[in-house]
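A.B. asks: First the structure, then my questions, so here it is.
In this note's numbering, the protein residues as written are 22 to 288.
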């Protein structure tokens with residue numbers, strides 16, 4: 022009996038050895054090709070702005086799709102009927118998609134965010150009424166860190182559908198410092214005093230040149246605004262220093278900032 026089994030095995034190998042070698046080569050080449058494509062994609066993403074979680078997200082999606090395609094092609098090469106399998110997978114995918122419409126919409130929105138790149142990790146953004154620094158962009162959501170160190174998790178669908186303001190999209194920003202002086206103050210002297218103080222700030226750009234303008238004639242005060250251009254990464258540092266510095270410069274020059282006053286007449 023053992024000899025019979027051995028004889029049949031030898032005959033089967035003689036008949037199918039060529040097919041087995043072909044399948045082995047196909048399997049090895051398929052694995053090598055999938056891994057090479059994933060490495061090529063990851064390398065390309067590292068050279069672009071799509072790094073960190075956004076890049077990992079794209080690589081993970083590509084990995085699932087490529088391995089699924091490889092499995093289907095390999096099963097077809099083995100002679101396994103895949104028509105029924107594909108039909109079953111399609112029905113399963115339809116049922117899952119109906120049950121997880123919101124989840125899949127977030128995944129689709131995540132793909133849109135990665136492709137359009139309205140922001141990157143580390144950018145300070147405002148999405149609707151929420152603002153913070155972008156920490157991660159995952160498959161389903163985007164995480165923001167607020168200035169007081171809170172973490173806000175936004176579904177990608179909400180992010181993609183909302184208005185996005187990216188404060189780090191440009192290397193420079195205009196800083197406007199509004200203040201009020203009494204009508205008794207000379208606007209020309211106020212302008213000269215403020216601009217003279219601004220010259221002491223190395224980080225404030227010379228072009229476009231700083232300007233002090235009258236923005237409104239208020240009921241009890243002259244509304245003025247100092248407008249300067251600064252590097253984006255130094256915006257808040259300069260804003261805080263400039264606010265205190267302008268206040269001190271005006272007081273030193275004898276120019277009093279306006280404030281609300283009420284005259285009470287008693288009969």
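We treat Cβ as the ideally placed atom computed from N, Cα and C, and that holds for glycine.
Thinking just about the alpha-carbon of each residue, which of 56, 197, 262, 255 is nearest to the one in residue 191?
C.D. replies: Among 56, 197, 262, 255, the Cα nearest to that of residue 191 is on 255.
A.B. asks: Distance check for residue 161 and residue 136, CA to CA, integer angstroms please.
C.D. replies: So the two alpha carbons sit approximately 15 Å from each other.
A.B. asks: Would you check if there are 3 or more beta carbon pairs closer than 8 Å linking the stretch 196-203 to the stretch 269-279?
C.D. replies: As far as the Cβ criterion goes, the stretch 196-203 touches the stretch 269-279, which means the pair count is three or higher.
A.B. asks: Please give the ranges of any alpha helix (DSSP H) in the stretch 131-188, keeping only runs that are unbroken, at least 4 residues long and fully inside the region.
C.D. replies: Counting only runs of 4 or more, we get 177-182.
A.B. asks: If you run the structure through DSSP and keep just helix, strand and coil, what is residue 197?
C.D. replies: The answer is strand: DSSP assigns residue 197 an E or B state.
A.B. asks: Identify whether residue 236 lies in helix, strand or coil by the three-state DSSP scheme.
C.D. replies: If DSSP states are grouped into helix, strand and coil, residue 236 belongs with the strands.
A.B. asks: On the three-pair Cβ rule with 8 Å, is the stretch 127-135 touching the stretch 170-190?
C.D. replies: Segments in contact, yes.
A.B. asks: For residue 231 and residue 193, what's the separation of their Cα atoms in angstroms?
C.D. replies: Cα to Cα, the separation comes out at about 14 Å.
A.B. asks: Would you say residue 298 and residue 140 are within 8 Å of each other, going by their C-beta atoms?
C.D. replies: As displayed, the chain neither begins before 22 nor continues past 288, which places residue 298 out of reach and without an answer.
A.B. asks: In angstroms, rounded to a whole number, what distance separates the CA positions of residue 270 and residue 182?
C.D. replies: About 46 Å.
A.B. asks: Rounded C-beta distance between residue 93 and residue 148? I'm assuming under 8 Å.
C.D. replies: Between residue 148 and residue 93 the Cβ distance is about 39 Å, and since that is not below 8 Å, they are no contact.
A.B. asks: Report the CB separation of residue 197 from residue 246 in whole angstroms; it is logged as a contact under 8 Å.
C.D. replies: Indeed they touch by this definition, with Cβ atoms about 5 Å apart.
A.B. asks: Whole angstroms are fine: how far does the CA of residue 210 sit from the CA of residue 268?
C.D. replies: If you take the alpha carbons of residue 268 and residue 210, they lie about 15 Å apart.
A.B. asks: Based on the DSSP secondary-structure assignment, which residues constitute the bridge partners of residue 249?
C.D. replies: For residue 249, which the question treats as bridged, DSSP gives the partners 196.
A.B. asks: Output needed for residue 223: all residues of its chain with C-beta closer than 7 Å, excluding positions within five of it in sequence on either side, in chain order.
C.D. replies: Excluding sequence neighbours, residue 223 sits near nothing in its chain.
A.B. asks: Are the CB atoms of residue 86 and residue 58 within a distance shorter than 8 Å?
C.D. replies: Cβ atoms of residue 58 and residue 86: not closer than 8 Å.
A.B. asks: In chain order, what residues of the same chain lie with their CB nearer than 7 Å to the CB of residue 189, ignoring the 5 residues before and after it?
C.D. replies: Same-chain partners within the cutoff: 144, 145, 253.
A.B. asks: At the level of alpha carbons, what is the spacing between residue 163 and residue 152?
C.D. replies: Those two C-alpha atoms are separated by around 12 Å.
A.B. asks: Which value, in whole angstroms, describes the spacing of the CA atoms of residue 217 and residue 154?
C.D. replies: Computed Cα separation, rounded: 34 Å.
A.B. asks: In angstroms with no decimal places, state the Cα-to-Cα distance between residue 172 and residue 165.
C.D. replies: One C-alpha to the other measures close to 6 Å.
A.B. asks: In whole angstroms, what separates the C-alpha of residue 227 from that of residue 280?
C.D. replies: Between residue 227 and residue 280, the C-alpha separation is close to 32 Å.
A.B. asks: According to the Cβ coordinates, are residue 195 and residue 248 closer than 8 Å?
C.D. replies: For residue 195 and residue 248, yes; Cβs fall inside 8 Å.
A.B. asks: Is the Cβ of residue 209 closer than 8 Å to any Cβ of chain B?
C.D. replies: You won't find chain B in this structure, because it holds only one protein chain.
A.B. asks: Mind reading off the beta-carbon distance from residue 63 to residue 80? Whole number of angstroms is fine, and I expect it under 8 Å.
C.D. replies: At roughly 5 Å, the Cβ-Cβ gap stays under 8 Å, so residue 63 and residue 80 are in contact.
A.B. asks: Let me know the secondary structure DSSP gives residue 243 once reduced to three states.
C.D. replies: Correct three-state label for residue 243: strand.
A.B. asks: Name, in chain order, the residues that DSSP records as bridge partners for residue 202.
C.D. replies: Residue 202 is bridged to 243, 278.
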